[in-house]
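Heads up: take any position in the sequence shown, counting from 1, add 1, and you land on our numbering.
For glycine and all other residues, C-beta sits at the position ideal for the given N, C-alpha and C.
Notes follow the structure.
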Amino acid sequence: MKCVISVLGKDRTGIVAAVATVLTECSANIDDINQTVLGQEELFSMTMLVTLNTDACAFNEVQDRLSAVGQELSCQIIIQREDVFRFMHEV
Numbered sequence: 002m003k004c005v006i007s008v009l010g011k012d013r014t015g016i017v018a019a020v021a022t023v024l025t026e027c028s029a030n031i032d033d034i035n036q037t038v039l040g041q042e043e044l045f046s047m048t049m050l051v052t053l054n055t056d057a058c059a060f061n062e063v064q065d066r067l068s069a070v071g072q073e074l075s076c077q078i079i080i081q082r083e084d085v086f087r088f089m090h091e092v
């Protein structure tokens with residue numbers, strides 16, 4: 002299952018590693034990643050396209066684990082199914 006993960010928060014060491022660790026533990030593959038640090042406020046923004054292996058880890062479990070990491074890092078982490086993401090962003 003293809004999914005889009007969005008991360009937003011104050012830049013700090015370990016954000017990419019923490020998200021990637023959860024995905025590795027859930028047997029997910031990172032297909033594409035884009036990240037940037039915006040402005041003097043050092044706002045970290047990252048978007049990932051991933052493929053989940055739902056036989057290894059259910060979508061809701063990945064979502065819960067990413068949410069927990071987001072709380073630990075004081076970041077907002079949102080995962081959406083790619084089809085839902087695309088539908089929401091159609092003009």
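Select from the options the residue whose C-alpha is nearest the C-alpha of residue i.
| i | options | result |
| --- | --- | --- |
| E83 | L67, V51, F45 | V51 |
| V70 | I16, E43, K11, M2 | I16 |
| E42 | R13, Q72, T55 | R13 |
Determine the direct distance from the alpha carbon of residue j to that of residue i, and round the result to whole angstroms.
| i | j | result |
| --- | --- | --- |
| R66 | F60 | 10 Å |
| V23 | G40 | 28 Å |
| V1 | Q81 | The first residue shown for the chain is 2 and the last is 92, placing residue 1 beyond what the model contains. |
| I31 | C76 | 19 Å |
Just to confirm, are residue i and residue j a CB contact at a threshold of 8 Å?
| i | j | result |
| --- | --- | --- |
| V63 | A29 | yes |
| V107 | I79 | Residue 107 lies beyond the range of the chain shown here (2 to 92); nothing can be said about it. |
On the premise that residue j lies in contact with residue i, defined as a C-beta separation below 8 Å, what is that separation, rounded to the nearest angstrom?
| i | j | result |
| --- | --- | --- |
| L74 | M2 | In fact, because the Cβ distance is near 25 Å, the residues do not count as touching under 8 Å. |
Is the stretch 43-63 close to the stretch 5-21, with three or more CB pairs under 8 Å? yes
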